[in-house]
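The structure appears below as structure tokens.
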Amino acid sequence: MVPMALNSRRDAPEPPDFSHLKRLARDQLIYLLEQLPGKKDLFIEADLMSPLDRIANVSTLKQHEVDKLYKLENKPIVSTCDQLCFLIRPRIHSVKWIADIVNTDKAAGRFRRYKIIFSPQKFYACETILEEQGIYGDVSCDEWEFYLLPLDDDLISLELPEFFRDYFLEGDQRWVSTAGKALHLLHSVYGPFSKVYGIGRCAKMTYETWREFVEDGEQRPRQPEVGNVFLIDRDVDFVTSLCSQVVYEGLVDDIFRIKCGCVEFGPEVTSSDKSLKVMLNSSDKVFSEIRNEHFSNVFGFLSQKAKSLQTAYDKRRGMDIQQMKMFVSQELKGLKQDHRLLSLHISACESIMKKKTKQDFQELLKTEHCLLEGFNIRESISYIEEHINRQVSLTESLRLLCLLSLTENGLIPKDYRSLKAQYLQSYGTEHLLTFANLRKLGLLVEQQPGDTITAMENKVGKLVTDKAVGKLTDAFNSLAKKSNFRALSKKLALIPEVDGEYDLCTPRDMAYIFSGAYVPLSCKLVEQVLDRGWTGLEEVTRLLNGNEFAVTAGGSGGEIKTKHDSQRIVFVMFLGGCTFSEISALRFLGRERGYKFIIVTTAITNSARLLESVLDSRV
């Protein structure tokens, strides 16, 4: 197997150095800690621990008089230190917990100094809680403007998984300013940008927020490192995020869960009684060559790699003392590291294979492909019913229901009611609220009379009365529905037409990330818009409910002069999360077109995480 990385059409430019972002975050955190001079204990919110570890390790914190570190938990503290520092997300329950600590100390007559550091920013609601609890004057508050965490040389995350639920489900717009500030930071360090494209309501609001920051700030002329930006809302393309991942990195995330660029392999992979945390990025030579590959190619590559490693080891035979000395000092360490990583990835592949075989993965993929292509829908519904009734997995059953609804533009009332009843019977009636959430998001909906108006119906409508049209509408609704997904799929050629088998070893388009069945809509939009802007895509944007924009982001001096290389480096910002499948697709597109895509996302997501964020089982 020839790794796809070797199939480049033209060289993409080198990405900028994103270590600047880490240094900025670390320096600001150190400055904030020094605002509380002397020995102090630091309490850290659970989901800030991994990002913090990537920015400042324990020894760095100790150098700045942090004595003990604690994970923030909803229980009384055991610290005896006179200075307490809390590093938290701007969440009401965390602020209330801190208020309880302060009030407990006050009631006991204990005096301590308290500092709350909100990351990435504090919200008005948090200050209100401090006032209501009567401790506003007892604590000092600061913001650690830690907006962006570089996870790899082409991947940056805001590490805000709650962004999706808060904005898209709850309609809470507070994180929009955070996304705008993150974009402003990128613009300040790596811009100015020459073109900004986007689609989606949140994308538009983020762009407008960012423009306000740009206009308020001082603009210094500088040579840009990144030329273009593309902003996209997660709800522009739900289908891609709900498809089963089959590229290696996506499967590792699905099975083992990648957090902050790090995965914890259990005993079944490490072949010992201990778990092992492994950093997954381009510095891992084995992983970097298989991360974007379709899983069917991975074992072949690992087998080849094992043979070449053995050949490298065999070179030792017949060496004299001087040559052996050179081999040990220059090559042996690297070979041992490659051997260790190779063993881990082979074991991870075996573990993935076992789990996917147990789940009858091929049958699942076949059903998904039928849904995407619009074939054998009744058979697919039967498969989903069996999946629900066997109680295979709460989120997996929900994922298939949502895919069915999205690809069919909603379910006909009879199917919706039947599938909903079966789901609630299998997994519990407490999930009624989950169905309300899914309906609100448009992920799982019941078709209403008059939802779909065909071209024929429009023509007839001009000839007959409204009452007659109503009757015709009901008649048409009993026929197959024409969904937005189907129309988009046709307009953008999202379902490849292939004679025979799709070649997964040397793929010709981004569809390889879904076994050749489907080109991800989100990535196809990026490709089309970079080619020609939104011109000629008017029908597509209408089907996607509009909110598209394209702006030449020239400053007061007019058009920005940019290096040719910077024009081929593009920030693609996903608002609401993106999947490793989409990242692999954009890497492929970059190699094919000579672009370097830098993916910026509010969080890494997958179908399980997306659906878990909307599950609601309150009774």
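Read left to right, the sequence shown gives residues 146 to 764 (our numbering).
Beta carbons are placed, not taken as given, at the ideal position from N, Cα and C, and that holds for glycine.
Between E727 and S667, the CB-CB gap stays under 8 Å. DSSP places Y176 in the uninterrupted alpha helix (DSSP H) bounded by S164 to E179.
Contact annotation, P158 with D710: C-beta distance approximately 4 Å; criterion of less than 8 Å satisfied. Residue pairing for T680: DSSP places it in no beta bridge. Per DSSP, the continuous alpha helix (DSSP H) segment holding G735 begins and ends at F725 to R738.
V696 and Y342 have their alpha carbons spaced roughly 6 Å apart. Linking W355 to I435 through their CA atoms gives a straight-line distance of about 37 Å. Non-local beta-carbon contacts of K559 in its own chain, meaning distances under 6 Å to residues more than five positions away in sequence, are absent. A Cβ-Cβ contact shorter than 8 Å links L670 with I377.
In this structure, L583 lies away from L577, with their beta-carbon atoms at least 8 Å apart.
In chain order, H439, S441, N442, Y657, S660 and G661 place their CB closer than 8 Å to the CB of L649, counting only its own chain and leaving out the 5 sequence neighbours on each side. Excluding its 5 nearest sequence neighbours in each direction, E693 has C-beta neighbours in its own chain below 6 Å: I344, W679 and T686, listed in chain order. The straight-line gap separating the alpha-carbon atoms of S550 and A191 is approximately 36 Å. Contact between the stretch 308-325 and the stretch 169-186 is not established, with fewer than three Cβ pairs separated by less than 8 Å.
Under the three-state reduction of DSSP, Q266 is assigned to coil, being neither helix nor strand. Pairing F719 with T746 gives a Cβ-Cβ distance under 8 Å. Cβ neighbours of T540 within its own chain (closer than 8 Å, five residues either side excluded): S752, A753, L756, E757 and L760. In this structure P306 is buried. Its beta-carbon is surrounded by 16 or more other beta-carbon atoms within 10 angstroms. Counting along the chain, no beta strand (DSSP E) covers Y647, and no H or E run does either.
The C-beta of Y352 has 16 or more other C-beta atoms within 10 Å across all chains shown, which makes the residue buried.
By a beta-carbon distance limit of 8 Å, V321 contacts C347. Their separation comes to about 6 Å. Within the stretch 325-350, the beta strand (DSSP E) runs of at least 3 residues that lie entirely inside it are, in chain order, 340-344.
Using a 10 angstroms sphere on the CB of K450, the tally of other CB atoms reaches 16 or more, which defines it as buried. Beta bridge pairing from DSSP links E591 with L556.
By the neighbour-count criterion, in which 16 or more other beta carbons inside 10 Å mark a residue as buried, R367 falls on the exposed side. Per DSSP, the continuous beta strand (DSSP E) segment holding S302 begins and ends at L300 to S302. If the five residues before and after L688 are omitted, its C-beta is found closer than 8 Å to the C-beta atoms of N629, A632, L633 and K636, all from its own chain and listed in chain order.
Note: S285 is bridge-paired with K260 in the DSSP secondary-structure output. A check of alpha carbon separations from L181 across M194, I222 and C230 identifies C230 as the nearest. For K260, same chain residues with a beta-carbon under 6 Å away, outside a window of 5 residues either side, are L181, C230 and S285 in chain order. Distance check between A638 and each of T651, E672 and E646 places E672 closest, using alpha-carbon atoms only. Taking 8 Å as the upper bound for CB-CB distance, N534 and S563 are not in contact here, some 12 Å apart.
Between the alpha carbons of A201 and F733 lies a distance of about 33 Å. The closest CA to that of F263, considering only L174, C723 and L509, is found on L174. Under the DSSP assignment, C515 falls in the alpha helix (DSSP H) whose first and last residues are F506 to E518. Close CB contacts of C407 within its chain, under the 8 Å cut and outside five residues either way in sequence, are with S195, K422, V423, M424 and L425 (chain order).
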